[in-house]
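Remarks on the structure that follows.
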Amino acid sequence: MEGPIQMKDIHIEERVVSDHKAKITARGVQVYYGTNHALKDVDVDILAGTVTAFIGPSGCGKSTFLRCLNRMNDTVSSARVVGEILLDGEDIYDKRVDPVQLRAKVGMVFQKPNPFPKSIYDNVAYGPKIHGLTRNKAELDEVVESCLRKAALWNEVKDRLQAPGTGLSGGQQQRLCIARAIATSPEVLLMDEPCSALDPIATAQVEELIDELRSQFSVVIVTHSMQQAARVSQKTAFFHLGNLVEYGETGQIFTNPKDPRTESYITGRIG
Amino acid sequence: MTVAATNPMPTPPAKATHSLLVPNAAMGRRNAAEKRFRAYGLAAIAVSLSVLGIMLWSIFSDGLSSFFQAKLTFPVTLSSEVLDPAGNGLREEMTKVTTIGYGKLLTAAFTAELAAKGISTEGVTDKQLAEMISKDAPGVLRAKVLGDTSMLDQTITMSVLAAGRIDGYLKGRVTMETAERDGNISPEQLQLADRLKTARILGSSFNTRFLTSPDASDQRPEAAGLGVAILGSAYMMLLVLIICVPIGVATSIYLEEFAPKNRWTDLIEVNISNLAAVPSIVFGILGLAIFINFAGFPQSSSVVGALVLSLMTLPTIIIATRSSIRAVPPSIRDAALGVGASKMQTVFHHVLPLAMPGILTGTILGLASALGETAPLLLIGMVAFVDNYPSAPVEGFMDPATALPVQVYSWASRSDPAFIERSSGAIIVLLVFLVVMNVTAIILRRKFERRW
Ligand SMILES: Nc1ncnc2c1ncn2[C@@H]1O[C@H](COP(=O)(O)OP(=O)(O)O)[C@@H](O)[C@H]1O
Ligand SMILES: [Mg+2]
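Residue numbers (this note's numbering), protein chains in the order written: chain A, 43 to 313; chain B, 1065 to 1516.
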């Protein structure tokens, strides 16, 4: 009886410690799309074991900043990123960093559920396969099952793993995408408006899931819904016209914003 | 309109309370315009359908008969006195007997059969009687005997082609009136043909040789076939496929997924579209200059034809492939990159499989248009008279060959009306191939359409 209890204690202990550690440190980040200066001088520390919400009106640069964190902006030929982004103290824009490896460590879930037009199993297994994370089929099966469980999808799909992922409902598809993202065992999970294409019930399921995922990953979520930010996040960053206006404890941002722009936004006057 | 004219609307408020059940003038005009537009559309479709119908009808009414051929059937005794003058049964000695010897044997057997069946040959000279058998027949018999010398001194039943004019008479192309003015046939011969038909010596049967035999000279339209043309077209399509698919797909993937968007890629893009619009005969001249005169490939060979057709087909395949790659939703690429797939992996694991149906359809349609292409092949000498089959691949690609559409062209330009029938028959064969290819393309598209 003693063993498991100790394990649990250690686990909690770790979480408390990591709560205070910065997983990602961004300093002076500027992003240009051609001549459009989309992101201006953003400094932010994303903490480990925390859900961080990015809020702000449309076009203020939330997605842009999120996509800097796993270098998805590399695929946009006009995009130029200036400044420093450190993951565990290492500069991710260093020449020696391969974005492919970075993206295995910093997973991403997109606004619109985008499962591969393959089976549910293959969707989850794809990441571990290409990164060579498993040695045999049994291990892969195990990873697929545990990821689907973590994504709260296992019970719904365990009997039809070979069915196409695109045949699931919207909410199930998004949870499948989350399972796919966590299958490469990332340390950070980026989510760009993951619930905006979902109905309220599916949204509630995904939100619940995000809260559970916090124990293993740092989660960064972009959201349009302030209620959602308030429900799921511990830290909130408010962006406006490419600037990071305010960053702090979620409770403080929503109850006692320091900047008048933040206040106008959360009271519904801009956005 | 009439409502508005007889009863103009007095005041705007009246309009506001207008009942939905009362027809309204503006609505009437709008509906009339829509009806007119539908009528135009239907009329346009009717015109195109009827033109298509007339075209198909004329081709089939002219060409279907080429799939049937008049044949004379009678017993022939392969007398060794004529065929084996040395008397030792050795094949080498027997090859000294030419087709003339076999021709005499056939004529004798034919005459004997007529006598035996009691068919009068009144008004028909011996020479005319001999000419009722196709000039192709002695060669066929000779090849048969040399192929199996044990047949010597046996009596076999031969079914040989009747002369082209006799075939034409059975098909209604040659009549008593035309025979009067025709130096190659007389009305008496036609009357004899009628009697032969009643005696079941002359009959019409399915013409497999039309699909398998090589072309024949002007004097023997009845023996001409599409064998070499079908083989040549098949060789060329195979080569075009081997050349175009890897180059086309690699080019498209590079341009769509990897190339930076700059002035050079824009230039390449514009030029690919331009190439697709270049008249095909220009590619023929290019092929003549580069592949034959410069690179020294043999004239009228399938390989040169295929290279020229590849030049023409590549732009089509590239354009089709690029548009189907572009049609793959970017969200799929994001998803793959997001889990840490490399660009290559993204393309080969996700983009290409989804683009595959489009690539296949584009390729098949490109091949279909290459199959029907004639002008460039004329320039590289594929119109030459070829009566030997090209050998098996790979050497066969260097042998002279011809192609289906070129065969249509060369038959259509010959003087004997019997070749016009062959020409339409060749068009039917070409159309069948094209329809099969297009249907395959449609089936593939239906089968794989929008799986995401
Ligand atoms: N791929 C792109 N190319 C050019 N400009 C872009 C691109 N993506 C975003 N932008 C611009 O960057 C700014 C921020 O966009 P985005 O980060 O998508 O905003 P948000 O996610 O907060 O709504 C906008 O002005 C937008 O027009
Ligand atoms: Mg966005």
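Glycine included, every Cβ here is placed at the ideal spot set by N, Cα and C.
All of these numbers come straight from a predicted model, not from anything done at the bench.
Tell me whether residue i is buried or exposed, calling it buried when 16 or more other Cβ atoms sit within 10 Å of its Cβ.
i, result
"A/TYR289", "buried"
"B/PRO1421", "buried"
"A/PRO302", "exposed"
"B/HIS1082", "exposed"
"B/TRP1121", "exposed"
"B/ALA1482", "buried"
"A/GLY310", "exposed"
"A/ARG222", "buried"
"A/GLY174", "exposed"
"A/ILE47", "Note that A/ILE47 scores 38 on pLDDT, short of 50, meaning its location in the model is unreliable; the coordinates nonetheless yield the value given after this. Exposed is the call here."
"A/THR77", "exposed"
"A/ASN13", "This structure leaves residue 13 of chain A out entirely; chain A is present only between 43 and 313."
"B/VAL1500", "exposed"
"B/PRO1457", "exposed"
"A/THR92", "buried"
"B/PRO1394", "exposed"
"A/MET233", "buried"
"A/ASP201", "exposed"
Quick one: Cα of residue i to Cα of residue j, how far?
i, j, result
"B/ILE1506", "B/THR1425", "7 Å"
"B/SER1366", "B/PHE1497", "18 Å"
"B/LEU1508", "A/PHE158", "21 Å"
"A/LYS82", "A/ILE220", "30 Å"
"B/LYS1199", "B/PRO1343", "42 Å"
"A/GLY213", "A/CYS110", "26 Å"
"B/SER1374", "B/THR1438", "13 Å"
"B/THR1466", "B/ALA1370", "11 Å"
"A/ALA244", "A/GLU250", "10 Å"
"B/ALA1022", "B/GLU1333", "The displayed coordinates of chain B run from 1065 to 1516. Any statement about residue 1022 of chain B would go beyond what the structure contains."
"B/ARG1229", "B/MET1446", "29 Å"
"B/ALA1400", "A/LEU240", "22 Å"
"A/MET49", "A/VAL230", "Low confidence applies to A/MET49: its pLDDT is 38, below 50, so where it sits in the model is not reliable, and the reading given next is rough at best. Those two C-alpha atoms are separated by around 23 Å."
"A/ILE295", "B/PHE1412", "46 Å"
"A/ASP87", "A/LEU286", "12 Å"
"A/GLU184", "B/GLY1402", "22 Å"
"B/VAL1304", "B/LEU1431", "8 Å"
"B/ALA1179", "B/LYS1168", "16 Å"
"A/TYR307", "A/GLY169", "39 Å"
"B/PHE1131", "B/SER1277", "13 Å"
"B/THR1504", "A/VAL186", "38 Å"
"A/GLU291", "A/GLN276", "6 Å"
"A/GLN247", "A/LYS154", "16 Å"
"B/ARG1245", "B/ASP1480", "14 Å"
So residue i and residue j are in contact, right, with Cβ under 8 Å, and what is the actual spacing, rounded?
i, j, result
"B/ALA1227", "B/ILE1197", "7 Å"
"A/PHE152", "B/ASP1463", "About 57 Å separates the two Cβ atoms, so there is no contact after all."
"B/VAL1470", "B/LEU1441", "5 Å"
"A/PRO228", "A/ALA146", "7 Å"
"B/ILE1484", "B/PHE1124", "Going by Cβ atoms, the distance from B/ILE1484 to B/PHE1124 rounds to 14 Å, so no, they are not a contact pair."
"B/ALA1405", "A/ILE172", "6 Å"
"A/GLY293", "A/CYS102", "Not really, about 22 Å apart at Cβ, beyond 8 Å."
Compare the C-alpha of residue i against each of the options and name the closest.
i, options, result
"B/THR1141", "B/PRO1393, B/ASP1258, B/GLU1252 and B/LEU1216", "B/LEU1216"
"B/GLY1489", "B/PRO1285, B/GLY1105 and B/TYR1104", "B/PRO1285"
"B/SER1281", "B/SER1474, B/ARG1386, B/THR1272 and B/GLY1236", "B/SER1474"
"A/GLN216", "A/ALA194, A/ARG202 and A/TYR307", "A/ALA194"
"A/LYS137", "A/LYS154, A/ASP116 and A/SER238", "A/ASP116"
"A/PHE108", "A/GLU291, A/GLY207, A/PHE281 and A/TYR307", "It is worth fixing the name first, because residue 108 of chain A is Leu in this sequence and not Phe. Checking every option, the nearest Cα to that of A/LEU108 belongs to A/PHE281."
"A/THR278", "A/ARG122, A/LEU89, A/LEU210 and A/LYS160", "A/LEU89"
"A/GLN72", "A/LYS63, A/ALA64 and A/VAL84", "A/VAL84"
"B/VAL1392", "B/PRO1379, B/PRO1417 and B/GLY1402", "B/PRO1417"
"A/GLN99", "A/HIS266, A/PHE259, A/GLU126 and A/TYR74", "For the sequence presented, residue 99 of chain A should be read as Pro rather than Gln. Of A/HIS266, A/PHE259, A/GLU126 and A/TYR74, the residue nearest in Cα terms is A/HIS266."
"A/ARG191", "A/ALA225, A/GLY131, A/ASN298 and A/ALA180", "A/ALA225"
"A/ILE263", "A/TYR75, A/ALA68, A/ALA95 and A/TYR74", "A/ALA95"
"B/THR1380", "B/ALA1173, B/ASN1335 and B/GLU1195", "B/ASN1335"
(request) Name, going along the chain, the residues of the stretch 1385 to 1400 of chain B whose beta-carbon falls closer than 7 Å to a beta-carbon of chain A. (result) SER1395, ILE1396, ASP1398 and ALA1399
(message) Any C-beta of chain A within less than 7 Å: which residues of the stretch 1398 to 1423 of chain B qualify?
(response) ASP1398, ALA1399, LEU1401, GLY1402, VAL1403, GLY1404, ALA1405, SER1406, GLN1409, HIS1414 and LEU1418
(message) For the stretch 96 to 117 of chain A, list every residue whose C-beta sits within 8 Å of some C-beta in chain B, in sequence order.
(response) ASN112, MET114 and THR117
(request) Return the residues of the stretch 168 to 183 of chain A that lie within a Cβ-Cβ distance of less than 8 Å from chain B, sorted by chain order. (result) TYR168, GLY169, ILE172 and HIS173
(request) Could you please tell me which residues of the stretch 216 to 235 of chain A, in chain order, have their CB closer than 8 Å to any CB of chain B? (result) CYS219, ARG222, ALA223, ALA225 and THR226
(request) With 9 Å as the C-beta to C-beta threshold (strictly closer), list the residues of the stretch 193 to 207 of chain A near chain B in chain order. (result) PRO206
(request) May I ask you to list, following chain order, the residues of the stretch 1426 to 1442 of chain B that have a beta carbon less than 8 Å from some beta carbon of chain A? (result) none
(request) Output, in sequence order along the chain, the residues in the stretch 1299 to 1329 of chain B whose CB is closer than 9 Å to any CB in chain A. (result) PRO1324 and LYS1325
(message) Against chain B, which members of the stretch 151 to 165 of chain A pass a CB distance test of less than 7 Å?
(response) PHE152, LYS154, ASN156, PHE158 and PRO159
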